[in-house]
Amino acid sequence: MNQNQNKLKASVTLLRIFIGWHFLFEGVVKMYNPEWTSFGYLATAQGPFEGVFTMLLGDATIGWVDTLNIVALMIVGVTFTLGIFERIGAIVGVGLLALYFLAHPPFPGLTQMNVEGNYWFVNKNLIELVAIIVIYQLPTGAYFGLDYLRKNKLKTQEQ
87 MNQNQNKLKA SVTLLRIFIG WHFLFEGVVK MYNPEWTSFG YLATAQGPFE GVFTMLLGDA
147 TIGWVDTLNI VALMIVGVTF TLGIFERIGA IVGVGLLALY FLAHPPFPGL TQMNVEGNYW
207 FVNKNLIELV AIIVIYQLPT GAYFGLDYLR KNKLKTQEQ
């Protein structure tokens, strides 16, 4: 049983680091690309929440939306890649991916615009969202990450 637990820990740790890298890279690329904006993604939103997303397209709001998107990507990226405060990162990641999913839901009858691939109910955003829920349930920073170092330092100071 212990060997299986170690394999599970290693697998979830690797998943956490890869998802963290994906989010971090997306955040950095968007931050350093002066041409990037979420306007196109939001303008082509579909489904039952289309109105919510099109409300965010105003001149007064789109800058905030873009900034918050980058900040959220970076929070998830840093917490997951470094393995510290990963539950906070997981909550932010689930929220962000839920918004991505709801902006372009892969529902039958909707033409998939401004998305990669062809999906039916389940898309990559939903899959990554579920993976983040697994990481929330099985945080791995306690044995591989800065959280491990932080907790061991606190234990050393207490002794």
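Each number in this note's numbering corresponds to the 1-based position in the sequence shown with 86 added. The beta-carbon is built from N, C-alpha and C at its ideal position, and this holds for glycine as well. What you are looking at is a predicted structure, and each value in this text was computed from that prediction instead of being measured.
- The three-state secondary structure of Trp107, taken from DSSP, is helix.
- Beyond the five residues adjoining it in sequence on each side, Ala129 comes within less than 8 Å, by CB distance, of Thr140, Leu143 in the same chain, given in chain order.
- Pairing Leu215 with Val180 gives a Cβ-Cβ distance under 8 Å.
- Annotated as proximal: Pro194 and Trp206, with beta-carbon spacing under 8 Å.
- Comparing alpha carbon positions, the residue from Ser124, Met117, Val162, Lys237 closest to Ile148 is Ser124.
- Of the candidates Lys93, Pro225, Ala146, the residue whose Cα lies closest to the Cα of Glu172 is Pro225.
- Shown here, Trp122 sits in coil according to DSSP, grouped into three states, outside any helix or strand.
- Contact between Ile105 and Ala217 is confirmed by a C-beta separation of about 6 Å, below the 8 Å threshold.
- Inter-residue distance for Val114 and Gly231 is about 21 Å (C-alpha atoms, whole angstroms).
- Taking 8 Å as the upper bound for CB-CB distance, Tyr118 and Ala189 are not in contact here, some 23 Å apart.
- With 16 or more other Cβ atoms inside 10 Å of its own Cβ, Ala158 counts as buried.
- Going by DSSP, Ala217 is part of the alpha helix (DSSP H) stretching over 210-223.
- DSSP lists Val208 as the beta-bridge partner residues of Trp206.
- Sequence-distant Cβ neighbours of Gly203 in its own chain, meaning closer than 6 Å and more than five residues away, do not exist here.
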